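For reference, the structure is listed below as structure tokens.
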Amino acid sequence: MPCFVDQLTPEVAVDSVKVLRHVGCEVEFREDQTCCGQPAFNTGYWDEAAPCAERFVRVFRDAETIVCPSGSCTTMVRKFYPELLKESPIRSEAIEVGKRTFELSEFLVKVAGLTDVGATFPHTVAYHASCHALRELQLRDEPLQLLRAVNGLKLVEMTRNEECCGFGGTFATKFADISAAMGQSKVESVEASGAEYVTALDPSCLMHVQGMLTRNKFKAQTIHLASILASNGARA
Amino acid sequence: MSGSTTATKVPPADGASAHDHSQSSNPEQQFHHDSAVKAADIAHREIIRKNMESYDAGHMKGRGRFTDWDAARERCQAIKREAINHLDKYLLQFEENVTARGGHVFWAANSEEARKYIADLAVRHAVKTVVKSKSMVTEEIELAGALEKVGCTVWETDLGEYIVQLRHEPPYHIVTPAMHLNRTQIAELFRDKLNEPDLPEDPQQLVAAARRKLRKAFFAAEMGISGANFLVADVGAVAISTNEGNGRLSTSVPRIHVAVTGIEKVIPRLEDLATLWPVLATSGTGQPVTTYGTLIGGAKRPGEADGPEEFHVVLVDNGRSSLVGHPEEREVLHCIRCGACLNICPVYRHIGGHSYGTTYPGPIGSVLTPHLRGREFEHLSYATSLCGACTTVCPVKIDLHHHLLHNRRDFMKKGHGKASERMQFRLWRMAMLNPRLYALGGWFGRKSLRTIYGLGLSGSVFDPLRAWNRKRATLPVAKESFREQWRKGLGGKQ
């Protein structure tokens, strides 16, 4: 579970657990986990990131499958650990753990072979393709397949849905003006699509997009894919 | 020229955009300032959006003409890899072939050497007028200023370059230098600078007005300067892709032709152009090939009617060879300067080409410039969300966004980060290696943020997340973390 989900948007975690249990998985949360190391890694502090990565590997080394509701953290573990831990004695273990780590939609569609998880969400939804999920993990259709199978959900097209929202980790605060301008373009696309909700695979993108939506007083809301999939239609 | 224009190019010497009045000697501060101004400029954003959308459509259509676009990219990557892996061999072969036909090849270690060679040449031949076809390397080495110093009038003859020259600006984009301007702005500029007060806002008439001026320059010039898209080693020729015909005029009418280019432009064989030329055109503008594809092997030979009397090639290193030995980043030298990474880059689309304060803006510039111009351009490797769109379009498959990550790692390894940031990440590591400390820190952090926001102090100096909250609605902070909820019962319910 990504650290910022744990601390800032725990509902994404709660809903992920709900969905996984609903499809018959036994879900475990290891309280020893902290952060995958991505903030330090992306900022260039690899010496600070590496021990966090090693810790992640040790915490999860005996887990059957690791599911994460973030394309970005999944990318960190699967794609960047082998490079970050090049010199580490547990590199080969890290590679094995990486192979068993999946983003939520990836796990449901590719591993569990499911597209319909029995959710109901009677709203119009636009899908924003988060960069890491799309370009590092090549997840383009998996989330759309899941969304199309949701009862009552109407998927609407959004222009430039594969363009970055501008979050970008520490970029969001180091270059806040650029990040916010990119977010502005994104929320204008959301607004123009007429969607009630915009969803994505990464809670971090959604945090940024929600901040821009609220600031613009646009009525659309962000919602993580896990929360749509966990919905039984009762959600307002 | 007895012309009405004395167009002087203001070089982007200290990394500052020439058009901006608020100048800082620090490129990083200047970047923060310029990018923030442009990011908030809605009119600018709309011009770029419109131009990029038409590029996108052309580019996608162009890619569709290839049976297998990815295979073509892989072929180009292989050609450039071979060239860079054997850079010494192919450059020497190129030189040998050029000199065998009487051409001159000058190896310039840096900008100064290149400028001096060309300025001396101009003085030696009493050159008064110089016509230039498009070349980013001449921007990089700040050639125009050096030629003006020795008394030459320098004419940019690419229409876009001519426009930005009249505005005393550096090019906005490496392929389309005046992309940031619409026809109204260009018409106003021409009426004012070309002494044509009645010029209508009609693209054809605008082009005709520029042509009237430039024709005279072409036929007055004693020296023509071009860039090179490729240096073909096995035949010893400079290959140039252009659309306006100015490239051919600049390289054939004046008595002296000087081609100025980076050492990384060399390719092994003539037949490599069969793939590289169409891929470059498709990536650059969406065209199948550009209107003109010119191969220049030397000066006019006895019995030939056209061509210059002297042919010079200036091979510029200027920091490039330091990348050859870099195991990860040497592939940055594969770049064919098509501009595709700029066009797709959401950062470029929002801050525009001038904000970077570099000759090469956009993703390739953010990777390359710290290597070419040093530490004070390192911030560019951070001024990106690492979205990776650039890497997906690069026609020679440079792993651009991962190089940005590698740059960041290398800068921090050299100890270049801010001391406060380094300290933050050390503390962060301590917390992340100790789950109790992490949970306690999280609990305390949330509690304080909720209190601060409860008091209405979001975005104030008391808000540790003010950099975030000043640009967005206040970050909602959960009352209970997931691990607290899990412990309270969520974990028990299977």
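From first to last, the protein sequence lines stand for chains A and B.
Position one of the first sequence corresponds to residue 646 (the numbering used here), numbered consecutively onward.
Position one of the second sequence corresponds to residue 294 (the numbering used here), numbered consecutively onward.
All C-beta atoms, glycine included, are put in the ideal place defined by N, C-alpha and C.
All figures in this text were calculated on a predicted structure; none of them were measured in a lab.
- For arginine 706/A, the CB contacts under 7 Å within the same chain, skipping 5 residues up- and downstream, are Glu738 and Val742 in chain order.
- Spatial neighbours of valine 664/A in its own chain (CB-CB distance under 7 Å, excluding positions within 5 residues in sequence) are listed in chain order as Val762, Ala871, Leu874 and Ala875.
- DSSP places valine 423/B in the uninterrupted beta strand (DSSP E) bounded by 422-425.
- Between the alpha carbons of phenylalanine 511/B and lysine 425/B lies a gap of roughly 9 Å.
- Nearest to lysine 740/B by C-alpha distance, out of Ala526/B, Ser774/B and Thr651/B, is Ser774/B.
- Take the alpha-carbon of asparagine 861/A and the one of leucine 758/B: they are about 20 Å apart.
- Residue environment for alanine 401/B: buried (at least 16 other C-beta atoms within 10 angstroms of its C-beta).
- For glutamine 683/A, the number of other beta carbons within 10 angstroms of its own is at least 16, and it is reported as buried.
- For aspartate 361/B, the number of other beta carbons within 10 angstroms of its own is below 16, and it is reported as exposed.
- In the three-state reduction of the DSSP assignment, asparagine 378/B falls in the helix class.
- When Cβ-Cβ separations below 8 Å define contact, alanine 871/A makes no contact with chain B.
- Taken through DSSP and simplified to helix, strand or coil, threonine 392/B comes out as helix.
- Counting the other CB atoms within 10 Å of its CB gives aspartate 756/B a total of 16 or more, which places it among the buried residues.
- When beta bridges are read from the DSSP output, valine 801/A appears opposite Ala771/A.
- For phenylalanine 604/B, the closest Cβ of chain A is not nearer than 8 Å.
- In the structure shown, histidine 647/B falls within a helical segment according to DSSP collapsed to helix, strand and coil.
- Here alanine 771/B really is in contact with proline 655/A; their C-beta atoms are around 5 Å apart, less than 8 Å.
- In this structure, the alpha-carbon of leucine 385/B lies about 28 Å from that of glycine 667/B.
- Arginine 722/B is positioned such that its CB atom lies no closer than 8 Å to that of threonine 688/A.
- Comparing alpha carbon positions, the residue from Ala771/A, Asp786/A and Arg785/A closest to alanine 837/A is Ala771/A.
- Against chain B, a Cβ distance below 7 Å from glutamine 683/A picks out nothing, because the smallest value is about 11 Å.
- Judged by beta-carbon spacing, alanine 407/B lies within the 8 Å limit of valine 609/B, meaning their Cβ atoms are closer than that value.
- Nearest Cα to methionine 472/B within the set Glu454/B, Glu489/B, Leu573/B and Gly658/B: Glu454/B.
- At least one beta carbon of chain A lies nearer than 8 Å to the beta carbon of glutamate 773/B.
- The straight-line gap separating the alpha-carbon atoms of lysine 442/B and methionine 429/B is approximately 20 Å.
- In this structure, DSSP gives cysteine 776/A a helical state, which the three-state scheme calls helix.
- Looking at the backbone, the Cα of isoleucine 377/B and that of tyrosine 465/B are separated by about 28 Å.
- Excluding sequence positions up to five before and after proline 571/B, its CB lies within less than 7 Å of the CB of Pro581 and Val582, all in the same chain and listed in chain order.
- Each of Arg780/B, Gln498/B and Pro463/B was checked against the Cα of threonine 477/B, and the nearest Cα belongs to Gln498/B.
- By the Cβ neighbour-count rule, proline 656/B is buried, with 16 or more other Cβ atoms within 10 Å of its own.
- Taking 8 Å as the cut-off, the beta carbon of phenylalanine 863/A is found closer than this to the beta carbon of valine 832/A.
- For phenylalanine 775/B, the enclosing alpha helix (DSSP H) stretches over residues 775-778.
- Its Cα nearest to that of valine 551/B, the residue Val420/B stands out among Val420/B, Glu669/B and Leu474/B.
- One finds Trp761 and Arg765 in chain B with Cβ atoms closer than 9 Å to the Cβ of histidine 853/A, taken in chain order.
- At a beta-carbon threshold of 8 Å, the residues of chain B lying near glycine 813/A are Thr677, Ser678, Leu679 and Cys680, ordered along the chain.
- Where glycine 735/B is concerned, the enclosing alpha helix (DSSP H) starts and stops at 728-747.
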